[in-house]
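So the structure is just underneath, and the comments pick up after that.
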Amino acid sequence: MYQDKTLVCKDCGAEFVWTAGEQEFYEQKGFQNAPVRCKACRDAKKQRNNQFNSRRGRAAGANK
27 MYQDKTLVCK DCGAEFVWTA GEQEFYEQKG FQNAPVRCKA CRDAKKQRNN QFNSRRGRAA
87 GANK
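Sequential numbering from 27 applies to the sequence shown in our numbering.
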């Protein structure tokens, strides 16, 4: 049913594998889009967002 797919990170351009297991997880969670960033770029983006939210005095993911 699912097969590993090679995707290209939109931030760094590196190829990464979206495994069959990850695809199944995405479907179970109702996610409709494939990932667009490799793990390293996802982690870096989360860190940037957390730092930005900390400076604004908000917890990461908190609403206004």
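Beta carbons are placed, not taken as given, at the ideal position from N, Cα and C, and that holds for glycine.
DSSP state of K36 mapped onto helix, strand, coil: coil
N-terminal and C-terminal residue of the alpha helix (DSSP H) that F51 is part of: 46-55
Top-ranked residue by Cα proximity to E48, from N59, C38, R81: N59
Rounded Cβ spacing between K36 and V62 (contact assumed at less than 8 Å): 5 Å
Local Cβ density within 10 Å of K90, reported as buried at 16 or more and exposed below that: Below a pLDDT of 50, predicted positions are generally treated as unreliable, and K90, at 49, falls in that range; the measurement from the model is reported next regardless. Under this definition K90 is an exposed residue.
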